[in-house]
Amino acid sequence: MSNPYNPETVELAAQKFWDDARSFEVGEDADKDKYYCLTMFPYPSGKLHMGHVRVFTINDVIARYHRLQGKHVLQPMGWDAFGMPAENAAIQRGIPPAKWTYSNIDDMRGQFKRLGYGYDWSRELTTCRPEYYRWEQWLFTRMFKKGLVYRKNSIVNWDPVDQTVLANEQVIDGRGWRSDALVERREIPQWFMKITDYADELLEELDNLPGWPEPVKIMQRNWIGRSEGVELSFDVAGEGEPLTVYTTRPDTLMGVTYMAVAAEHPLASKAAQSNPDVAAFVEACKKTDAQEATLETMEKKGMPLGISAIHPLTGDEVPVWVANFVLMSYGTGAIMAVPGHDARDWEFAKKHGLPIKQVIAPTDGSRIDIDEAVYLERGVLVNSGKYDGLDFDSAFNAIAKHFEATGQGQRKVNFRLRDWGVSRQRYWGTPIPIIYCDDCNAVAVPEDQLPVVLPEDVELKGTGSPLKDMPEFVNVPCPQCGKDAKRETDTFDTFVESSWYFARYTCPDSDDAMLDERAKYWAPVDQYTGGIEHAILHLLYSRFFQRVMRDEGLTDVSEPFTNLLTQGMVLKDGAKMSKAKGNVVDPQELIEKYGADTVRLFMMFAAPPEQSLEWSDEGVQGSYRFLKRFWTAVQEHTAGGPAAKLDADSLTGQLKELRRKTHQTIAKISDDFGRRHSFNTAVAAAMELLNAINKLADESAAGRAVAREALQAVVVMLSPIVPHICHELWQVLGNESALIDETWPEVDDSALQLEQVEVVVQVNGKLRGRVTVAVDASKEILQAEALADDNVQRFIDGKAIRKVIVVPGRLVNIVV
RNA sequence: GCCCGGGUGGCGGAAUCGGUAGACGCAACGGACUUAAAAUCCGUUAUCCGAAAGGGUGUGCGGGUUCAAGUCCCGCCCCGGGCACCA
């Protein structure tokens, strides 16, 4: 071969062409059909990993496909640049987080360009730049004025040795990752955003997102967790204040045999003062981390407080316990326990010898033994006095009505969703624009004093934020009264930056508003691609922020992402590839060895996008081999000179067959790209077509014309996945235009027509033969042909035919 | 613990609406080319029985619906993701 495939030469030339032609820079053209194609931006960890290559390649394929379909495509890229790894690097290696981050960004940008992604780099965003975070500080101050943010105490993981707050991932088996000390729960004041104000809308509008995967919508619905229940008060003997609880099962009220409160509940604190055992228990409850998974799986412990609540219907006394599984921050910090009809209450009652009372019976009248197993179904009330015999709905209504009349309770819609705590006790984040004044309390930084710039030249020691030790940052006059005041030193959760970056890409250089007119042209994002691990938090926060921006008059759009593709993880050794786990595979080596196209092709071919992909180093070779065969096939074809014009109507035999395959493949790949996002099967179809082209050894004018048409189609259709080699081969095929400006091939329906079709014959559902019949053969002919088959005869011989099922074009099933 | 996915040859996966299980690729084996190796090309490859024709078995496990189940229903097991401070 005189002209072997050299990926590096081919790829650098194609990239230079796109750069020189500014192929991916787009403006706002009202006459064009816009398509905003976005991928979740990366954290600049410094090294590209396979998860990045996967998600960015998927998105680039979709973007390039829609461009070939004639859309005006925007595909931007940027950096989710704040976060913990930069602080860790600073502590371990003494490099300031900013310096480390900017250097990582430069490295990764280079890697992305080498992979040939079609980004509009003129819109690049970096969230740790004041030009960016200034606007989220601004939005926060607007939310502050509207009462959409507030400050309250909440629980953090406290490392008593390092004297610092730990992230959940820094807690390993209940201990601090550096100190190995047992982590404690500690309450500190933090800022919250009222996402619960939007709970109803966020829930209801999930129904208007047909372009989202169903599992993601289900997860969000469950997360928001709307429930209808009753909030009611139990008087406590000897106490002035009643104990308020929320229940979704008021029908089980007569089954209450005890109450339980959180360790931080005022009743527990009060009992602890006189009872040292309770005091010790309350202390012990705080010696655990604050993760839900820990709380749900730990041993359920509790002890009686020695006080009683009065059952609001019977007047009976029920004991009040303190329990480690009841949390102050959820609901009212107290629960009514119905051990007969709640799994956790049942388990707890069994363990502590508390009474279990059956108040619900199965609707079918069957008997159950409540001492043997808890009964969770909605049924008919029993042992409930005047409510006996009622079903769930009637009992719910009757009991709710009763308490509304007595004033002891009311119906209440509750959400599992909690307000979003955005304070982080860390340095490397957006400063929260608040100033604390002894006289004026918390004051928002005025708009003309924004941004509050994060000092970048710092030294991190690993014990708390260095901002606290910087008087020039902390000490400021109060914006309201001018007296000496202090700046907030907490920073925002990094999810805040990622909750609106998609909108900012439309106008990244706007310096007099968060968003300008250009946002109206591009929003919403037409296609959003990212990891399934973001199915709840990031996507829910973004939907919330979009609505906050809407209500601020910045946009008319409520839903930020019209279509969502959640790609599966790249796993290595059965676990998520992550910097934390240290099981990252470096794609750089593969790019150097085989080129970007091979890596892109392999990632798209190895698994369907939604499924997780277990990484293995094998198989890349096969993708490389395919590209070489592809290259050689085109070179050998063009060596024979230009092909003659195709006369489709005169084709016969294998030429007609190859042309049919070409058009079947166009139809298949169009569907796989556009509708199914099934790139692995699209690649397989292209491979099959190329195999068929290679098998055809017909150097006649008609043969060359058919082969040329097939090769041209493969080059265009594979170009979203392997754009560099296709760019080159398009030129080799003698085309004057640039492939990036071409259009997708069209299916010629007349080429798809078949005369004969093979039909499977089954006897009792087992495959026994095949017959070939005319495409339009009637059911009767089909049945007759099937029965005439020799092998079929062997199996039906001497038996009565009970039934024959004929599915035209597919099969005949003979039941004997 | 709770919520959401997944489980198909030696491996990655295909089978799109209940209708031929294993497309496409990897690996392996056999052959061609070569002094040799690499590269490339051709062939075989779920498994068991059989010389072949053909037949039995087979989509994590146990049941069920159906003429027909990888696909639908019920009950399990195992693996992955999320669980509010990793991003």
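Residue numbers (the working numbering): 1 to 816. Quick reminder that beta carbons are idealized off the backbone N, C-alpha and C, glycines included. These figures come from a predicted structure and were not determined experimentally.
Check residue i in the structure and name its three-state DSSP category.
i, result
"Ser-122", "helix"
"Trp-346", "helix"
"Ser-737", "coil"
"Arg-151", "strand"
"Thr-314", "coil"
"Met-1", "Annotation note: pLDDT 43 at Met-1 (below 50); position unreliable, coordinate value reported separately. In the structure shown, Met-1 sits in coil (DSSP, three-state: anything other than H, G, I, E or B)."
"Leu-811", "strand"
"Val-236", "strand"
"Thr-248", "coil"
"Lys-803", "strand"
"Lys-412", "strand"
"Tyr-501", "helix"
"Lys-164", "One point to set straight first is that residue 164 is Thr, not Lys, in the sequence displayed. Of the three classes helix, strand and coil, the one that applies to Thr-164 here is strand, per DSSP."
"Ile-218", "helix"
"Ile-95", "coil"
Which residue comes first and which comes last in the beta strand (DSSP E) that contains residue i?
i, result
"Val-771", "766-774"
"His-72", "72-74"
"Asp-526", "525-531"
"Phe-24", "Per DSSP, Phe-24 belongs to no beta strand (DSSP E) and is neither H nor E."
"Asn-563", "561-567"
"Ala-444", "441-444"
"Lys-34", "34-39"
"Trp-191", "184-193"
"Tyr-65", "Per DSSP, Tyr-65 belongs to no beta strand (DSSP E); it is in the alpha helix (DSSP H), 50-68."
"Asn-475", "475-477"
Counting only the same chain and skipping the five closest in sequence on each side, list residues whose C-beta sits under 8 Å from that of residue i.
i, result
"Met-1", "Because the pLDDT at Met-1 is just 43, under 50, the model does not fix this residue reliably, and the value given afterwards should be weighed accordingly. Contacts found: Thr-632, Gln-635."
"Pro-362", "Ile-368, Tyr-375, Glu-377, Gly-379, Val-380"
Assuming contact is defined by CB atoms lying nearer than 8 Å, are residue i and residue j in contact in what I supplied?
i, j, result
"Ala-705", "Lys-645", "yes"
"Ser-498", "Asp-80", "yes"
"Val-714", "Ala-686", "yes"
"Leu-613", "Val-216", "no"
"Asp-120", "Phe-24", "yes"
"Gln-425", "Val-165", "yes"
"Pro-4", "Gly-595", "no"
"Gln-762", "Arg-768", "yes"
"Ala-262", "Met-328", "yes"
I'd like the list of long-range same chain contacts for residue i, defined as Cβ closer than 6 Å, with 5 residues on each side in sequence excluded.
i, result
"Trp-223", "Ile-536"
"Tyr-150", "Phe-192"
"Arg-708", "Ala-643"
"Val-474", "Lys-486, Arg-487"
"Ile-370", "Gly-340, Ile-356, Gln-358"
"Tyr-528", "Leu-38, Phe-561, Leu-564"
For the alpha helix (DSSP H) holding residue i, just list the boundary residues, first then last.
i, result
"Met-604", "596-605"
"Met-687", "679-695"
"Cys-726", "723-732"
"Ala-260", "Element bounds for Ala-260: not the alpha helix (DSSP H) but the beta strand (DSSP E), 258-261."
"Pro-793", "Note on residue identity: the sequence assigns Gln, not Pro, to residue 793. Its alpha helix (DSSP H) spans residues 790-796."
"Tyr-387", "Element bounds for Tyr-387: n/a, residue is neither H nor E."
"Tyr-521", "517-522"
"Cys-128", "Careful: Cys-128 lies outside any alpha helix (DSSP H) and carries neither H nor E."
"Ala-702", "701-718"
"Lys-468", "Counting along the chain, Lys-468 falls outside any alpha helix (DSSP H), and DSSP gives it neither H nor E."
What does a CB cutoff of less than 7 Å around residue i pick up in its chain, not counting 5 residues either side in sequence?
i, result
"Val-525", "Tyr-36, Leu-38, Phe-502, Pro-560, Phe-561, Thr-562"
"Met-50", "Val-570, Met-577, Val-585, Pro-587, Trp-615"
"Phe-605", "Ser-623, Asn-680, Val-683"
"Leu-253", "Leu-313, Ile-399"
Would you say the beta carbon of residue i is closer than 7 Å to some non-hydrogen atom of the ligand MN?
i, result
"His-66", "The ligand content of the structure shown is nil, which means the ligand MN is not present either."
With three or more beta-carbon pairs closer than 8 Å as the criterion, would you say the stretch 538-545 touches the stretch 496-505? Touching, yes, given that three or more Cβ pairs across the two stretches are closer than 8 Å.
Report yes or no: do three or more beta-carbon pairs, one from the stretch 24-43 and one from the stretch 518-532, lie closer than 8 Å? yes
Do the stretch 44-59 and the stretch 587-599 touch if we need at least three Cβ pairs shorter than 8 Å? yes
Does the stretch 423-442 touch the stretch 482-493, meaning 3 or more C-beta pairs lie closer than 8 Å? yes
Any chance the stretch 775-784 sits against the stretch 138-154, with 3 or more Cβ pairs inside 8 Å? no
Is there contact here, the stretch 280-295 with the stretch 180-200, by at least three beta-carbon pairs under 8 Å? yes
Check whether the stretch 95-110 and the stretch 748-762 are in contact - that is, three or more C-beta pairs closer than 8 Å. no
Across the stretch 223-235 and the stretch 547-560, are there enough close Cβ pairs to call them in contact, namely three or more that are closer than 8 Å? no
State whether the stretch 723-730 contacts the stretch 779-797, with contact taken as three or more CB pairs (one from each stretch) at a distance under 8 Å. Contact between the stretch 723-730 and the stretch 779-797 is absent, because fewer than three Cβ pairs lie under 8 Å.
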